[in-house]
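Visitor:
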Amino acid sequence: MLWILVMAISAEATRKPKVYQVNLSNPPLTRWTHIQAEYASEIKVFAENYAAQVSKDELEGIVVLLENGYLTKEFSEELHGLANTVNITYNQAVFLNFMYEWNAYCTSIVVRLTNGTVIHGRNLDYMSSTFLMDTTVQIQVYKGTKYLYTSVGFAWYLGVGTGIGPGYSVSQNQRSQGGRDETFEALAKGYQGDLWVLRQSFINFQRYDEAMWYLSNIKVAASTYYIVAGLEQGSILVRNRDDIAGSMMLNDENWYLVQTNSDPWLKDPDGRRLTAMKKLDSIGQKNMNVDQLLGVLQTFPVINPTTVFTTIMVPESGYLNTTIYTSD
Ligand SMILES: *[C@@H]1O[C@H](CO)[C@@H](O)[C@H](O)[C@H]1NC(C)=O
Ligand SMILES: *[C@@H]1O[C@H](CO)[C@@H](O)[C@H](O)[C@H]1NC(C)=O
Ligand SMILES: *[C@@H]1O[C@H](CO)[C@@H](O)[C@H](O)[C@H]1NC(C)=O
Ligand SMILES: *[C@@H]1O[C@H](CO)[C@@H](O)[C@H](O)[C@H]1NC(C)=O
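Residue numbers for the sequence shown follow my numbering, beginning at 6 and rising by one.
Printed below as a string of structure tokens:
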């Protein structure tokens with residue numbers, strides 16, 4: 006069975022994401038729509054099915070909750086833009102961008118080379134991977150003439166799950182801690198979505214230490230892992246909704262950090278962390294580079310049938326390379 010899965014992965018074709026620009030100086034209603042229009046029919050089909058999981062009343066309740074919480078006027082207008090462009094309802098657009106129940110089993114790794122340069126790699130894993138593979142895009146975000154960050158994400162998604170700016174890169178992995186009810190309570194109190202928080206970080210902060218402070222302290226709607234790489238630094242932030250549960254840092258003892266979906270101080274439940282660590286140890290710090298890290302992330306079960314894409318980032322040079330595992 007496992008062997009068949011491995012064969013299925015290596016037989017898959019890959020492609021590079023299409024690159025777009027977004028200018029935050031443009032009106033929220035239209036600033037993302039040139040991207041969404043190209044994927045309109047796929048997004049419409051998926052969004053309608055996705056929203057059908059909940060009743061009309063439940064959906065309305067969620068939208069009201071979010072509008073009373075962190076859904077700002079600007080964010081709300083961007084969602085109206087998505088709804089208009091792909092011909093779905095505003096409520097469906099909100100629900101599609103509301104990721105409280107996403108079961109994303111991701112792996113993120115940061116490594117430090119002997120000369121100090123830090124490389125950051127991530128696999129994004131998710132169940133509905135075909136839709137995600139088809140709509141994965143790379144978006145360069147500007148405000149005025151200033152370049153802010155590039156995100157690797159989805160044509161219909163307005164937050165940031167994987168991104169790199171001039172001073173740092175961040176990836177987010179899901180952390181299961183407390184359920185849906187606690188997330189709703191947090192949202193009602195105005196706590197922000199975890200991936201909306203990442204977008205705010207890239208817009209407002211250009212330096213690693215500023216981002217670390219913000220991502221350690223801002224209240225988030227769901228517990229999460231933020232994996233942050235700087236020019237020569239790297240950390241895992243283990244977040245509770247209100248505070249930080251713990252953190253790990255690159256240092257003289259640890260030239261790499263591996264984060265999957267369990268707390269780093271607990272036993273590896275599924276073999277992904279240990280497989281990645283064994284592979285990193287066998288390569289060694291002296292031989293590490295962007296291609297070797299890609300190889301680690303493409304080792305089963307670190308890569309698995311739900312893997313949508315692998316991204317390698319180097320904040321020191323601005324290197325960004327994404328491999329999408331296509332469904333055909
Ligand atoms: C928009 O979606 C509705 C409902 O799915 C459909 O009836 C209508 O034909 C669509 N409009 C366009 C312009 O495609
Ligand atoms: C460190 O080494 C890597 C790989 O040889 C190189 O790409 C990078 O630019 C170097 N970093 C610095 C700060 O010289
Ligand atoms: C973004 O839009 C503003 C206002 O229209 C414009 O001045 C700026 O040059 C644009 N930035 C880019 C990178 O095109
Ligand atoms: C990006 O990664 C691919 C492997 O997926 C590799 O073939 C290619 O050379 C890389 N591009 C750069 C610019 O390093």
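C-beta: ideal position from N, C-alpha, C; glycine also.
Looking at A234: is its Cβ nearer than 8 Å to the Cβ of V243?
Guide: Against a cut-off of 8 Å, the Cβ pair of V243 and A234 comes out as no contact.
Visitor: Short of 8 Å in beta carbon distance, which residues of its chain neighbour K21, apart from the five on each side in sequence? Order them along the chain.
Guide: T327, T328, I329.
Visitor: Going by alpha carbons, who is nearest to L34 out of A226, V91, G158, K272?
Guide: The option with the nearest alpha carbon to L34 is V91.
Visitor: Identify, in the order they occur along the chain, each residue of the same chain with its Cβ nearer than 7 Å to the Cβ of E82, setting aside the five sequence neighbours on each side.
Guide: Cβ within range, chain order: P33, L34.
Visitor: CB of N92 to nearest heavy atom of ligand 1: below 7 Å?
Guide: Yes.
Visitor: For E292, does the three-state DSSP call read helix, strand or coil?
Guide: In the sequence as displayed, the identity of residue 292 is Asn instead of Glu. Helix at N292.
Visitor: Does D214 come out as helix, strand or coil in the three-state DSSP assignment?
Guide: The answer is helix: DSSP assigns D214 an H, G or I state.
Visitor: Just to confirm, does T122 get its C-beta within under 7 Å of one of the non-hydrogen atoms of ligand 2?
Guide: Yes, the Cβ of T122 comes within 7 Å of a heavy atom of ligand 2.
Visitor: Three-state secondary structure (DSSP) at N245?
Guide: DSSP places N245 in coil when its eight states are reduced to three.
Visitor: Quick one, what's near ligand 4 if you take every residue whose CB is closer than 5 Å to any heavy atom, in chain order?
Guide: Every residue passing the under-5 Å Cβ criterion appears here: N326, T328.
Visitor: Just checking N294 against ligand 2 - is the residue's beta carbon closer than 7 Å to any of the ligand's heavy atoms?
Guide: Within the cutoff, so yes.
Visitor: Give me the DSSP bridge partner(s) of T155.
Guide: Partner(s): Q145, I169.
Visitor: Would you call the CB atoms of L203 and W37 closer than 8 Å?
Guide: In this structure, W37 does not lie closer than 8 Å to L203 by Cβ.
Visitor: Using 8 Å as the threshold, is the C-beta distance between N96 and E65 below it?
Guide: Yes, Cβ-Cβ distance for N96 and E65 is below 8 Å.
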